[in-house]
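Below is one structure, written out as structure tokens; comments come after it.
In the working numbering, the protein residues as written are 23 to 272.
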């Protein structure tokens with residue numbers, strides 16, 4: 023067993039997930055990275071160094087999620103901080119969007135979040151841990167893009183799961199919050215970085231005039247996991263450069 027508080031970050035092989043893991047590691051957490059890309063998770067853990075370790079896990083498979091937590095608890099002890107970051111989008115035309123893609127997105131982005139939260143919370147209660155769970159929402163929990171209907175639906179669901187679980191777990195002093203990124207410069211943005219018109223449209227919706235950095239999301243996640251956020255639960259903090267505050271009619 024490791025004496026450092028154990029933090030599990032799903033989708034931790036790259037991008038926002040890795041940035042969250044990095045920030046938590048600097049705060050003294052013992053890091054577990056889980057990702058459907060097992061090799062990527064192992065490489066990310068090696069970059070973090072220390073006691074970090076990577077596991078392969080499909081967060082859309084509840085049995086795999088259960089197995090992940092069992093492995094982590096057996097090797098490192100119960101998870102005290104959970105970051106539900108894993109997510110997929112699977113864009114497509116709305117009228118042609120197939121149900122298999124819709125279900126797959128919800129399985130990973132919403133069912134996986136619920137399953138991991140439930141499993142982690144049960145262990146926290148069993149071990150008397152006043153833990154923190156942070157879910158990855160999105161500005162698309164409130165505003166929509168027609169080509170990613172399942173993603174938008176899943177992130178709206180994450181916002182409500184965050185509130186429901188925060189209320190359910192408050193008697194156990196387990197806090198549940200979410201962060202909602204806007205345009206963040208990750209691999210998901212790579213497709214538009216070479217298209218000036220697309221970048222201009224994106225930044226026209228961002229009052230700060232730039233894309234955010236993964237590290238800027240990771241720092242907020244680390245704050246929510248810390249004692250500095252001890253009276254915050256059931257909230258979503260949007261990291262969007264002012265996008266949701268923008269009113270085009272003014």
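Note that CB positions come from ideal geometry on N, CA and C, so glycine has one too.
Since we're looking at a predicted model, the values are computed, not measured.
| Asked | Found |
| --- | --- |
| Mind checking who residue 15 pairs with in its DSSP beta bridge? | Absent from the model: residue 15. The displayed extent of the chain is 23 to 272, so no value can be given. |
| Tell me, to the nearest whole angstrom, how far the beta carbon of residue 129 is from that of residue 82; I am working on the premise that it is less than 8 Å. | 4 Å |
| So what does DSSP say about residue 179, is it helix, strand or coil? | helix |
| Exposed or buried, which one is residue 263 when buried takes at least 16 other CB atoms within 10 Å? | buried |
| For residue 53, report the span of its beta strand (DSSP E) as first-last. | 52 to 57 |
| Is the beta carbon of residue 73 sitting closer than 9 Å to the one on residue 26? | yes |
| Tell me the residue span of the beta strand (DSSP E) that contains residue 263. | Element bounds for residue 263: n/a, residue is neither H nor E. |
| By Cβ distance below 6 Å, which residues in the same chain neighbour residue 60 in space, the five residues on each side in sequence not counted? | 78 |
| Please name the residue, chosen from 222, 113 and 135, that lies closest to residue 84 on a Cα-to-Cα basis. | 135 |
| Hey, quick one: how far does the beta strand (DSSP E) through residue 32 stretch, first residue to last? | 28 to 32 |
| Whose CA, out of 201, 164, 252 and 245, lies closest to the CA of residue 50? | 245 |
| Consult DSSP for residue 78 and reduce its assignment to one of helix, strand or coil. | strand |
| For residue 11, write down the residues that DSSP places opposite it in a beta bridge. | This structure gives no information on residue 11, because the portion of the chain shown stretches from 23 to 272. |
| Look up residue 152 in the DSSP assignment and say whether it is helix, strand or coil. | coil |
| Can you look up residue 269 in the DSSP assignment and give me helix, strand or coil? | coil |
| Tell me the DSSP secondary structure of residue 37 in three-state form. | helix |
| Which residues mark the beginning and the end of the alpha helix (DSSP H) in which residue 69 is found? | 60 to 70 |
| Looking only at its own chain, which residues have a Cβ that is under 8 Å from the Cβ of residue 169, when we skip the five neighbours before and after it? | 113, 114, 115 and 116 |
| In terms of residues, what are the limits of the alpha helix (DSSP H) holding residue 193? | Run containing residue 193: none; DSSP gives neither H nor E here. |
| Suppose you measure from the CA of residue 209 to the CA of residue 37; what does that come to, to the nearest Å? | 7 Å |
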